[in-house]
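*Asks:* Quick one: the structure is below, and I'll ask about it shortly.
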Amino acid sequence: MSNQDNDDRLSNPSILKSRFNETEDGKRFLGIHRRGQHKVENEYVVGDDRETLYLTTRRYDEEGEVIEGTSQEWGLTEDSKHVAESGEPIKVFCQSDHFSGEFFGLAGGGVE
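Structure representation (structure tokens):
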């Protein structure tokens, strides 16, 4: 799917899911979709210590201004391959969380 296709999908409020990108080093994951009339962006970053996964969620209004944001963190196992609480691989955890619709008000979250 091209970037234009992704942008077209983001401009259509009936599309819930859009794209999920991963950096080459596997330390940053970005998921973007629409929730109603708002764009929602989830950014997952694996900490430099490779022991923590940080999630920042932002919801934008029609003009592109941030109207809500939360931050959360999860501990990783010693080998940094799985999320400690779920046992899922980091990429799978990020994708399943991004596409599950569970973005705001999760335990451990706080407003940015």
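Numbering (numbering that gives the first Met the number 0), first residue to last: 0 to 111.
Glycine is no exception: its CB is placed at the ideal position from the N, C-alpha and C atoms.
None of the values given here were measured: they were computed from a predicted structure.
1) Going by CA-CA distance only, name the one from E87, G74, T22 that's closest to E42.
2) So for K38, helix, strand or coil by DSSP?
3) Among the candidates E50, G25, R33, whose CA atom is the shortest distance from the CA of E61?
4) Can you check which of these residues, I66, L54, K38, D48, is closest to F92 by C-alpha distance?
5) Would you report the Cα separation of E64 and E87, rounded to the nearest angstrom?
6) Just tell me which of I89, G25, N20 has its CA closest to the CA of I31.
7) Relative to the alpha-carbon of Q36, which residue among G74, L75, I66 has its alpha-carbon at the smallest distance?
*Replies:* The relevant details are as follows:
1) For the purposes of this step, residue 42 is taken as residue 43 along the sequence shown, with counting starting at 1. Comparing Cα-Cα distances from E42 to each of E87, G74, T22, the minimum goes to T22.
2) Start at 1 with the first residue of the sequence shown, and residue 38 comes out as number 39. In this structure, K38 counts as strand in the three-state DSSP scheme.
3) The residue you call residue 61 lines up with position 62 of the sequence shown. The option with the nearest alpha carbon to E61 is R33.
4) Along the sequence shown, one-based indexing puts residue 92 at 93. Closest option to F92, Cα to Cα, is L54.
5) Position 65 of the sequence shown, counting from 1, holds the residue named residue 64. Position 88 of the sequence shown, counting from 1, holds the residue named residue 87. Straight-line Cα distance between these residues: approximately 33 Å.
6) As a first step, residue 31 must be located in the sequence shown, where it is residue number 32. When only C-alpha atoms are compared, the closest one is N20.
7) Residue mapping note: residue 36 aligns to position 37 of the sequence shown, counting from 1. That would be I66, whose Cα lies nearest to the Cα of Q36.
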